[in-house]
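Residue numbering for the sequence shown follows the numbering used here, starting at 14 and increasing by one per position.
Here's the structure, in structure tokens; my notes come after.
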Amino acid sequence: MKRKIFISILIIIGLFLLEPLAVAEDYSEWKEGARLSVTAVVAPYTSVKLSVNEITFDVKGEPGDYDANQSVSITVGSNQSKWSVHAKANELIPESDKASSLPSSRLAFSINDENDFKDLGQNRLLIEGDAAKPPTAFTLNFRLTTEWEDLPGTYRGDIIFSFLSSP
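Here it is in structure tokens:
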């Protein structure tokens, strides 16, 4: 019996102690004790991702236009106000000393399955956008034009993608 009375007294005391806490939930009565300053620095962010690291042309037959074995998905994201992606190819250098290089102007691209191929012999605008949009993927198709003087062999080169932005 004494134990029940003791527990009841503790419960009653607890209710009296919690009562002031319930009143303190009204934030208008709170007194400021300290202040913490907050600074957020959002750094410029740019991401240019390609779905593959290499494309291949299987040139089997007489000279002409040959499409790459696969298309390339390019995804661009940026928090900068205006941005653009450009591309330019280097000439394709033969692994053999007997053959001449293939000019970069014979390597071309189109965007999103359009049939309007533009050569990569000079710097070309691929895509442009702004920061208000989420990252967007585009499909690039590549084409190589061969000519009669191109000797058999393996030729290697690069396509350089450049990113320009306006903060």
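Built from N, CA and C at the ideal position, the CB exists for glycine as well.
query: Would you call the CB atoms of Q135 and S118 closer than 9 Å?
result: yes
Own chain residues within Cβ distance below 6 Å of R156, not counting five before or after: D78, D80, A121 and F130
query: In or out: S94 buried (at least 16 other Cβ within 10 Å) or exposed?
result: exposed
- prompt: Expressed to the nearest angstrom, what Euclidean distance is found between the alpha-carbon atoms of S178 and N154?
  reply: 24 Å
query: Is it right to say I87 is buried, meaning 16 or more other beta carbons lie within 10 angstroms of its own, or is it exposed?
result: buried
message: Going by C-alpha to C-alpha distance, which of D39, W43, E75 and W96 sits closest to S60?
response: W96
Beta-carbon gap between S114 and Y168 smaller than 9 Å: yes
message: If I measure Cβ to Cβ from P148 and keep anything under 8 Å in the same chain, skipping five residues before and after, which residues do I get?
response: S60, T88, V89 and G90
task: Can you give me the start and stop residues for the beta strand (DSSP E) that S97 sits inside?
output: K95 to A102
Cα-Cα separation, P76 to N103: 21 Å
message: Taking 8 Å as the limit between beta carbons, can you name the residues of its chain near R137, skipping five residues before and five after?
response: H99, A100, K101, F122 and K131
message: Quick check on the burial criterion: 16 or more other C-beta atoms within 10 angstroms. Buried or exposed for L164?
response: exposed
- prompt: Could you give the distance in angstroms between the alpha-carbon of S109 and the alpha-carbon of G170?
  reply: 14 Å
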